[in-house]
Every structure is written in C-alpha cells, then in structure tokens.
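Numbering (my numbering), first residue to last: 2 to 273. Input: a single structure, listed below in structure tokens.
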C-alpha cells in the first residue's frame, strides 16, 4: 500500500472540517476526491502531504508515519500540486520543472535529472515551452508546468488539487490521460486527485471517495459511489446515471438542483 490514512480529524478553531476519515491508495490506482465546496477535500489533501498536521488519526506513506519524516524524505514520497498557483517564478519552464528534482539532488543536477525533466515536459506536450519564461505563460499552461514539476519529482503518491481547473476541455482530457498513463506504467505510483467534474472522475478513477460534511459518505468504484441517490444527497442535484453506448463508460447527466426542503422526498421518489 502506497498511502494509508486512518481516522483523520481536523478543525479550524472550533469549526470541525474532517472527522473520522479513512483513505487508502494502492499501486497503480487513481483515487478521486469528490464533494461540495467546503467538504474538506483540500484540507485532507494537505494532511496527506504533511502541510497540515492531523489533530487525530495517522497518515502512513509506504508503511512509515508521515509525521516522523523530514521534508526531503516526505518530498521523495509525495508530490503536491495546489489548487491555485500564487508564485510567479521568474525563471525558464525547464528550470521550474527541475525544482521537482531537488529531493534527489545531493550536490548538483545530474544528466539524469535533466533527462527526467525533459521527458516529463515532452510527455505533457510542453517541450516547446521549455525555454520560455514561466511568467509568460497563461494560467492553464502554468498549471500544466506545475504538474510536470510534480511528476518529475518521481514521488510514489501524486496529490493533485483540481489539476485541470484552468484547462480547456481538450487539455483536461489530455492531462488526465497522461496522469492515468503514469500511474498505469509505474507499479510504484498512485494518485489522489480532487475533482469537480463527475464524468472525468467516472472515466479515469479506480476508486471514488465522496466527502460530505467532513465525513466519508461513500467509497468504492465509480459505479458504486456515483449513484443518483448519493449525488442527490451530497451535491443536491437531480441526475440520471447511464452508460455510453460506444464504450460502456459511466455517464452522469445533471438536470436540476434539489431544493433543501424537498431533498429527502426526491431521493425517495428516485429510488422507487
């Protein structure tokens, strides 16, 4: 098991955010974190990376306690991509990606480090940006460069907070395919990804963790978790769930919101 979180708890002051959360990541697995705004997805991801310390429970990475690791060892095991990029690196794109090699560098960058960075840019289709300034890029291009930096880190667990939020539809699918490919081809890697697009989660995740009011509402395969009953309860929307006729892929069609006063009634009607 690459990562195991057990009974995690966290609060901001007297406001509970997460309570009793369990999560596992196995080799070759993409885990989607879904939930409404404020459900605790980003807080959970930051605890899995050690940026926040759980107020209860434990995070193990490769069987070792995350809280006992130094920063370098932690960076060798987990790579984190935040939801928003606040830093504007005044450097070339290739140099930004090479920052991902820092946990592995003892004295200076090796030829291997440069090759990893170059190959990662090529894999993501960013090689033409290698010698451009990071500050010259669009928001979506910057987001992909930061993802490349995380991939070049070669950590076992990728922790990605909405990695496609600034991308157009074509690039959203392309990036998810490449994340999926990295996880599928490297038996020592897995990913936890915060998402809002239910159909992308259904198409690319092995398992879905559905958060609701700070707790795990459901966990399992996309087919088991992304039911109209669960989606009505958590997201307060009426939807239908079916399969694409061409490839059998799960599809979610959202029709309307569920008004709070009618939520339980609508869920019961849909279940009949």
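For glycine and all other residues, C-beta sits at the position ideal for the given N, C-alpha and C.
Query, Result
"At least 3 beta-carbon pairs within less than 8 Å: the stretch 131 to 145 vs the stretch 164 to 174", "yes"
"Residues sharing a beta bridge with residue 6, DSSP", "24, 60"
"Buried or exposed (CB count within 10 angstroms, at least 16 for buried), residue 223", "buried"
"Own chain partners of residue 168 with C-beta closer than 7 Å, once the 5 adjacent residues on each side are dropped", "141, 144, 176"
"Pairwise C-alpha distance: residue 153 and residue 101", "6 Å"
"Three-state secondary structure (DSSP) of residue 83", "coil"
"Span separating the alpha-carbon of residue 108 from that of residue 16", "45 Å"
"Length of the line joining the Cα atoms of residue 131 and residue 9", "40 Å"
"Runs of beta strand (DSSP E) lying entirely within the stretch 149 to 217, each at least 3 residues, in chain order", "158 to 162, 191 to 195, 208 to 213"
"Inter-stretch contact at 8 Å, needing at least 3 Cβ pairs: the stretch 64 to 78 / the stretch 106 to 123", "no"
"Host beta strand (DSSP E) of residue 241 (start-end)", "238 to 244"
"Cross-strand partners of residue 13 (DSSP beta bridge)", "16"
"Strand pairing of residue 252, partner residues [DSSP]", "243"
"Cα-Cα separation between residue 64 and residue 4, rounded to whole angstroms", "7 Å"
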